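Since the structure comes first, as C-alpha cells, the remarks are kept for the end.
Residue numbers (this note's numbering), protein chains in the order written: chain A, 1 to 451; chain B, 1001 to 1450.
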C-alpha cells in the first residue's frame, strides 16, 4: 500500500512531471549501485526497505544531504558513476567563493549524453535562437562548463557563435564591446552585462549605437532578480533571460516569457530547505537553501545536494501556464550579512539600487566589522548618472534605512568610478574577480577549510 | 612556381580544387569580387598561369567588412574569430566548428598521433578560447574519439598555473594540447611547487600557436618524460596547416587542403627550394587565395628523412620579428635553438633589441644546474658569434629571476623585445615577463590551506 503523501513538494512536481517519483526511484537505485559515495551513504538505509514509489514518498526527505565538501573530500572519483572511459568532459567550479588558486576539487564529469542534455537546456525556447543570430559568449571557458555549453548550444541551433571568454588576460571588455558593435551581436551571454553598458555610459556614448543589434541578454553565473533584469533590459533594449547554472549540474532552469525561472523538472528535482532544521520549507515566501537531485545525470549524479545558495521555490502555476516550479535565487549563503535580527543578501541591496533609474547598476558593498566587535557596518558605493543630484542620495539612503538597516552608509560615484580599475583593461590586476567584484567582505573568516 | 605546384603526387587533384576555388571566388566571395575587379579568372586555366593570380594581403583582409570574407557556398558558418592582433589589426576568420568537422578533426588527430592506439584517455586542453577557435576545436574533437577533456584554457585567471599543476597531479592526463611556452612553463611550475613532473604519465604533447626550434622541441619532450611531440603551423584565418615531423620540419598535409608557396619577400615570384622567402598559403576550401602570411621560411629540397613524402618546410618566424645585422638576418628562433642546445640553460628567455641594433640575451640557469652564470654567459656569447658572426650581450640569471613561473605571461616567446625607442627608465616595465604575477593571484584568491 502506498502511504499518504507527506511531501507536498513532490506532489506539486507531479503536476508537471508525472514520472518524477519513478525517476527518483531510479536515481536512488542508480547512485546506490554505481556511485562509491552514495553506496556508502545509502547501503544501511536501504537495507530494510524495498526501493519503490512508497519509499520515495515516505523517506526521500530523510535521505541525508550531500554537499560540495563531500565532493571535495571524495575527489576525484567518489561521485563518479560511470567508468572514466565514458567521461567526455571534466569540469570544476571556478572557485570564486574560495580556493581560486589550487584545484577546487569540486569536480563535475559529463558523459556524451549528459553533455547533449545540457546543451538542450542552455537556452530558453522563448529566446528563439536561430541561424540569423550572432551569439557572443563572455563567460570563462577554462575548467567551467558554462561557456563551453552555451557556445555549443548556440552552434547547435545554427547561430554564429563568438567565444569572447572571461577571466583570461586576453579578454578585454573594450574588445568585447567592439565585437558586439562591429559584428552586430544579437544575443549576449555573460554574467554582468552592466559592465559593458557602464563603459559606454562612462564614455558618454550612445547605448543604442553600441547595443542596437542586441535583442537578448542571457545571464548565467550570478544571481539577478526582478529589478536587475529590468535594468539590464532597459539599458540594452533587449529581452533578458536568466539561467541558474552550476558547474556541478549545468543549466537547471530556464526563463519563460514572463521572466520567471522554471526548473527543468524532468532533469532535476529541486527542494528548498530550512537552514537550521534541514526540513523542507513549505512557505514559498520564507526561502532557504537550494538542494538539487539529478534525475538523468549519468557521470556525476547527485542526491539532495546542498548548493550553498539561498532561494525561493514556488509551485504556483505561472502565467505562462507551465506548472514546473519557479525558482528565485538570491545568491550565496556565505555572502549573507546579519543586520539586527535578520540576514540580508547582497542582492537585497542590489535590488534597491537597480530599481532607481538614475543608477548604472555598478555597485560595491563593503562589510566592515564595527570597532566594538558588535555587528557589521555596510558601506554601499554606487555609480550614478549625476553625483550632484541632491535628492538621489537621500532617496536611496532612506530606502536602505527603512527596508534593511540604519547601519548602512552610502557613497555615490560618477559613472564608471566604483569599479574604475576593473573597467580599465590596462590594469590587469582587476580581471580575475569578475563574479565577486560587487562584494568586499572584510569580516574575519569564521571557518577554515583544511584538507 | 610550376615546379612547386607539380612536385606533389596529388597535383592533379590539387589543381582541380585550386581551379575550382579561383573560378568560384568572384561569384561567391564579396571580398574577391571587389579585390579582383580588374582580374579575369578565365585567364587561369593551366598550372603555369597560377602566378598571375593576385596575392591576398593581411591589410586587405583587415580593412574589409569581415562578412565580405564569407563565401556563399560555406555551410556551417557557426563561428566568428579574430587573430589576437599582436602584429597589427586583428584578422577575422570564420572557421568551421560544426560537430561533423569535430568528428573529422578527431579522426585526423587520432590517425596522426595514435591517440586511441596508445590508449590516451584524458587530455588537457591548455589553449586559447578567447576570439580564437583553437581551444574549442580540440575540446569538441577529442571526445569524439573517446578522450576526456580537461579545459585549462590559456593565460586564464580561472585556471592558474598552480591550479594546473594540482590538476595534473591528481588527474594524471595522458596528453596535453598547448603552446610551447606553456608546456615548458608548466614543467617549471612543478619544480617551483616542489613536486616532480616526471611522475606524470603524460605521453603525448601537441603544440600550436608558436613555431619552435629543433632544440626546444627536444627540451619539451625531455621535460615531460620523453613524451612524443606533435606540432602544427597554421593561422587563425585559414582552416588548415602544416604538420611537424620527427626531423623538426613542417609538412604539407597528405590530403589536398592547402597549397603552399614560398615567394620572394618583395612578391616578385617564387624562390628556389632551400631559399628563404615569404610563405603564401592557398586554402583549398573557400577561404583565402594566395594569402601572404608575412611569415618567413623555406622549402627543403628532396624528400624528408622522416619518410613523409609530402613537401617539408622550416619556418623561421614572422618577417617583423627578424633583425638585420652585418652578416645577414637573424630570427629569434635561431637564437632560441642555441639557448636550448645547452642543458643548463633554463626554459625562459628574452632577446632585447637595444639602441644601436645591439642584441642582449637574457636567460636563466636551469633548475638544479651547477654551471655558473658567468660560464653560461660566456658560452652563449661565443656560440652566437661562431654561428652567426654576431656579437651579443648575454645575461644569465638564477632560475626564477627572469620570471615568476606561477604568474600569467604577457606574450608568447620567440620575439625580440624592441627597446630601441623606449626610454631607459621604462625598460623594466617593457621587459616584465608576466602581466599578472603569482603573488597577486594568491592574494586575490584568499588561498585556503590545502
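Even for Gly, the Cβ is constructed at its ideal location relative to N, Cα and C. All values reported here derive from a predicted model rather than from experimental measurement.
CB contact flag (residue i, residue j, <7 Å)
| i | j | result |
| --- | --- | --- |
| residue 246/A | residue 1159/B | no |
| residue 163/A | residue 1129/B | yes |
| residue 1280/B | residue 1265/B | no |
| residue 1140/B | residue 1175/B | no |
| residue 337/A | residue 363/A | no |
| residue 1298/B | residue 1310/B | no |
| residue 1453/B | residue 1366/B | Outside the modelled stretch of chain B, which goes from 1001 to 1450, sits residue 1453/B, for which no answer is possible. |
| residue 280/A | residue 46/A | no |
| residue 1232/B | residue 1255/B | no |
| residue 1188/B | residue 1347/B | yes |
| residue 383/A | residue 413/A | yes |
| residue 306/A | residue 291/A | yes |
| residue 322/A | residue 419/A | no |
| residue 270/A | residue 288/A | no |
| residue 951/B | residue 1193/B | The structure shown does not extend to residue 951/B, since chain B spans only 1001 to 1450, so no value can be given for it. |
| residue 326/A | residue 372/A | no |
| residue 378/A | residue 347/A | no |
| residue 1340/B | residue 1219/B | yes |
| residue 1113/B | residue 1257/B | no |
| residue 123/A | residue 129/A | yes |
Interface residues of chain A facing residue i [CB-CB closer than 8 Å]
| i | result |
| --- | --- |
| residue 1171/B | 76 and 90 |
| residue 1155/B | 168, 169 and 170 |
| residue 1061/B | Result: empty, since nearest Cβ-Cβ is about 15 Å, beyond 8 Å. |
Reference residue i, options the options, closest by Cα
| i | options | result |
| --- | --- | --- |
| residue 215/A | 222/A, 200/A, 353/A and 236/A | 236/A |
| residue 1127/B | 1102/B, 1242/B and 1155/B | 1155/B |
| residue 1275/B | 1285/B, 1381/B, 1268/B and 1296/B | 1296/B |
| residue 228/A | 52/A, 357/A and 442/A | 357/A |
| residue 226/A | 9/A, 340/A and 352/A | 352/A |
| residue 1178/B | 1366/B, 1089/B and 1164/B | 1164/B |
| residue 1142/B | 1090/B, 1427/B, 1065/B and 1104/B | 1104/B |
| residue 117/A | 370/A, 295/A, 418/A and 185/A | 295/A |
| residue 180/A | 155/A, 209/A and 169/A | 209/A |
| residue 1125/B | 1117/B, 1096/B and 1186/B | 1186/B |
| residue 1056/B | 1042/B, 1043/B, 1078/B and 1022/B | 1022/B |
| residue 1025/B | 1098/B, 1353/B, 1049/B and 1069/B | 1069/B |
| residue 328/A | 254/A, 410/A and 250/A | 254/A |
| residue 1350/B | 1371/B, 1402/B and 1204/B | 1402/B |
| residue 1157/B | 170/A, 354/A and 388/A | 170/A |
| residue 404/A | 417/A, 257/A, 392/A and 345/A | 345/A |
| residue 1278/B | 1224/B, 1407/B, 1240/B and 1318/B | 1318/B |
| residue 1144/B | 1107/B, 1162/B, 1133/B and 1321/B | 1107/B |
| residue 107/A | 52/A, 92/A and 153/A | 92/A |
| residue 37/A | 53/A, 12/A, 55/A and 67/A | 67/A |
Integer Cβ distance of residue i from residue j, believed to fall under 8 Å
| i | j | result |
| --- | --- | --- |
| residue 135/A | residue 187/A | 4 Å |
| residue 1092/B | residue 1123/B | Not a contact, Cβ separation roughly 29 Å. |
| residue 361/A | residue 175/A | Contact doesn't hold; Cβ gap of about 21 Å is too wide. |
| residue 167/A | residue 140/A | 4 Å |
Chain B contact residues for residue i, given Cβ-Cβ distances below 8 Å
| i | result |
| --- | --- |
| residue 84/A | 1121, 1122 and 1148 |
| residue 162/A | 1079, 1080, 1081 and 1131 |
| residue 112/A | 1143 |
| residue 144/A | 1158 |
| residue 140/A | 1153, 1156 and 1158 |
| residue 151/A | 1136 |
Cross-chain neighbours of residue i in chain B, by beta carbon under 9 Å
| i | result |
| --- | --- |
| residue 439/A | Those within 9 Å of residue 439/A in chain B number zero; the least Cβ separation is about 12 Å. |
| residue 183/A | 1066, 1067, 1080 and 1092 |
Any non-hydrogen atom of the ligand GTP within 6 Å of residue i CB
| i | result |
| --- | --- |
| residue 214/A | This structure lacks the ligand GTP; in fact it carries no ligand of any kind. |
Interface partners of residue i on chain B, CB under 7 Å
| i | result |
| --- | --- |
| residue 87/A | 1148 |
| residue 165/A | 1129 and 1130 |
Closer than 7 Å at the beta carbon, the chain A residues around residue i
| i | result |
| --- | --- |
| residue 1097/B | 155 |
| residue 1139/B | 148 |
Would you call the segment 262-269 of chain A and the segment 11-26 of chain A touching, i.e. three or more CB-CB distances under 8 Å? Contact holds between the segment 262-269 of chain A and the segment 11-26 of chain A, because three or more Cβ pairs, one in each stretch, are under 8 Å apart.
Take every Cβ of the segment 1297-1311 of chain B, pair it with every Cβ of the segment 1245-1252 of chain B, and state whether three or more of those distances are shorter than 8 Å. Flag = yes, the segment 1297-1311 of chain B and the segment 1245-1252 of chain B touch.
Contact the segment 290-306 of chain A vs the segment 65-73 of chain A: 3+ CB pairs below 8 Å: Verdict: yes, contact present.
Does the count of Cβ pairs from the segment 1357-1366 of chain B and the segment 1388-1395 of chain B closer than 8 Å reach three? Result yes; three or more Cβ-Cβ pairs closer than 8 Å.
State whether the segment 73-85 of chain A contacts the segment 23-38 of chain A, with contact taken as three or more CB pairs (one from each stretch) at a distance under 8 Å. Yes, the segment 73-85 of chain A touches the segment 23-38 of chain A.
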